[in-house]
Structure formats: structure tokens, C-alpha cells
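**Student:** As you go down the protein sequences, you meet chains A and B in turn. Note that the UniProt record's numbering numbers the first sequence so that position 87 is 87, with each residue one more than the last. Note that the UniProt record's numbering numbers the second sequence so that position 32 is 32, with each residue one more than the last. We treat Cβ as the ideally placed atom computed from N, Cα and C, and that holds for glycine. These numbers were taken from a predicted model, which means no experiment stands behind them.
Protein chains: 2
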Amino acid sequence: MIMHAVTFTFRPDTTPEQVRALAKELGTLPSLIPALRSYHFGADLRLRDGNADFAVVAVLADEEGVRAYLDHPEHVRVVETRVKPIVATRSAVQMAIAD
Amino acid sequence: MIMHAVTFTFRPDTTPEQVRALAKELGTLPSLIPALRSYHFGADLRLRDGNADFAVVAVLADEEGVRAYLDHPEHVRVVETRVKPIVATRSAVQMAIAD
């Protein structure tokens with residue numbers, strides 16, 4: 001399987017409402033994108049200094065699953081309308097994990 | 001529970017041997033750190049442009065578990081000897097996830 005992990009930092013003017021709207025729409029994706037084997041996302045808990053602001057961790061079966069998720073029209077829509085307006089930096093990795 | 005997700009970029013002179021040594025030592029941590037409920041790590045598969053180079057995703061029970069992992073002497077040793085010599089940037093998030 002493949003684990004897709006992304007961390008984001010937000011622009012300084014990002015509002016809690018924008019983050020809530022992002023989380024709400026991300027929460028709809030597992031029911032819309034069958035390729036998602038598991039899906040976790042959320043704001044940083046502020047336990048450590050220097051952290052980023054938000055993360056998404058998805059598990060997909062294979063490379064085709066990664067494409068099915070990342071390129072899904074509803075995922076692309078959430079990225080364009082809820083992520084891009086507030087994100088300063090993004091750091092993503094797809095890594096192989098044991099089945 | 002808390003999911004701890006970190007992405008790293010490596011310095012340009014990082015060798016495959018250094019990455020293998022890092023992965024080998026990370027692989028010993030679950031047996032040494034009982035707080036780790038699950039532990040995944042690995043190099044980016046190069047499926048997408050602009051990705052980071054390596055990620056670690058750990059699940060801990062709670063904030064105490066996060067500390068038990070991050071501050072564990074063996075984890076600290078691996079960070080000091082295997083991570084810091086090769087890492088250019090690090091982006092971490094701890095987020096709440098459903099039990």
C-alpha cells in the first residue's frame with residue numbers, strides 16, 4: 001500500500017472559519033473516493049514549537065489509488081477552493097507501507 | 001489518539017546509504033518504544049513533482065505518548081546521528097484522530 005502524508009503551513013491571515021470549512025469538506029472525501037483506505041486530517045495541536053499548521057494522511061492501495069485520490073474532481077475542487085487560498089507552504093510524501 | 005506526521009527534505013549530498021541507515025534504525029523503534037501504536041516511515045516514491053524526500057507517521061495514544069516517543073533516548077539518538085546530518089527541512093504536525 002501507499003501512505004500519502006502532507007503537511008501545510010497557513011498564511012498568517014487564515015481564519016479559524018477557513019480551517020473549519022477545509023476540514024468539513026475533507027471529511028466528505030472518504031465517502032466520495034473509494035480509493036481511500038484510510039483518511040486522517042487535522043490542525044496541529046500546538047504541542048511542539050516550530051510545527052506546521054495542518055496535515056493530511058491517506059492510505060491508498062497502490063499508485064493507481066494515489067492518482068484516483070489526488071486527481072479526483074472533488075479533491076481537486078477542495079484543493080482549489082479551500083486549500084490554495086490559505087496555504088503558505090506544502091510538503092508531501094508518498095511512501096510504500098506494508099499491506 | 002494523536003497522529004504525528006513529519007516530512008523531510010534531504011541535503012543534496014545525502015547518499016542512499018545514509019537513507020538506508022536511517023530507515024534501518026527507525027525500524028528498531030517500535031520494539032523499543034511501547035507508546036508507538038503504529039509507525040510508518042519511508043522514502044518518497046517519486047510519483048509527483050515537488051515532493052519532499054522522506055516521511056514518518058506515528059500514532060500515539062495521547063500527549064504523553066507523543067512525549068514518550070519524541071523524547072525517548074533512542075529516538076533522540078537516531079535524530080541526532082541519522083536525521084540531522086542529512087536533513088535540509090522538516091515539517092511536523094501532531095493532530096487528533098478518532099480512537
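(1) With a cut-off of 8 Å, do at least 3 Cβ pairs link the stretch 29-49 of chain B to the stretch 84-91 of chain B?
(2) Applying the criterion that 16 or more other CB atoms from any shown protein chain within 10 Å of the CB defines a buried residue, is G50 of chain A buried or exposed?
(3) Which residues of the stretch 70-87 of chain A have a Cβ closer than 9 Å to any Cβ of chain B? Give them in chain order.
(4) For Y39 of chain A versus A58 of chain A, is the C-beta spacing smaller than 8 Å?
(5) If we ignore side chains and look at the alpha-carbon of each, how far apart do D64 of chain B and E64 of chain A end up?
(6) What residues in its chain sit with their C-beta under 6 Å from that of Q18 of chain A, if we drop five residues either side in the sequence?
(7) For chain B, is any of its Cβ atoms less than 8 Å away from the one on G42 of chain A?
(8) Find the residues of chain A that neighbour T7 of chain B, judging by a C-beta separation of less than 8 Å, and give them in chain order.
**Tutor:** The answer reads as follows:
(1) no
(2) As a position in the first sequence, residue 50 of chain A is number 50, starting the count at 1. Exposed.
(3) For the stretch 70-87 of chain A, which is checked against every Cβ of chain B, the residues closer than 9 Å are L70.
(4) On the first sequence, position 39 is the one that residue 39 of chain A refers to. On the first sequence, position 58 is the one that residue 58 of chain A refers to. Closer than 8 Å, so yes.
(5) As a first step, residue 64 of chain B is located in the second sequence; it is residue number 64 there, counting from the start. As a first step, residue 64 of chain A is located in the first sequence; it is residue number 64 there, counting from the start. According to the sequence shown, residue 64 of chain B is Glu rather than Asp. About 37 Å.
(6) Numbered from its first residue, the first sequence carries residue 18 of chain A at position 18. If we look at Q18 of chain A and ignore the five residues flanking it on each side, its Cβ neighbours are I86.
(7) Here residue 42 of chain A refers to the residue found at position 42 when the first sequence is read from its first residue. Yes, contact with chain B.
(8) As a working mapping, residue 7 of chain B is identified with position 7 in the second sequence. Near T7 of chain B (Cβ distances below 8 Å), the residues of chain A are A5, V6, T7, S91, A92 and V93.
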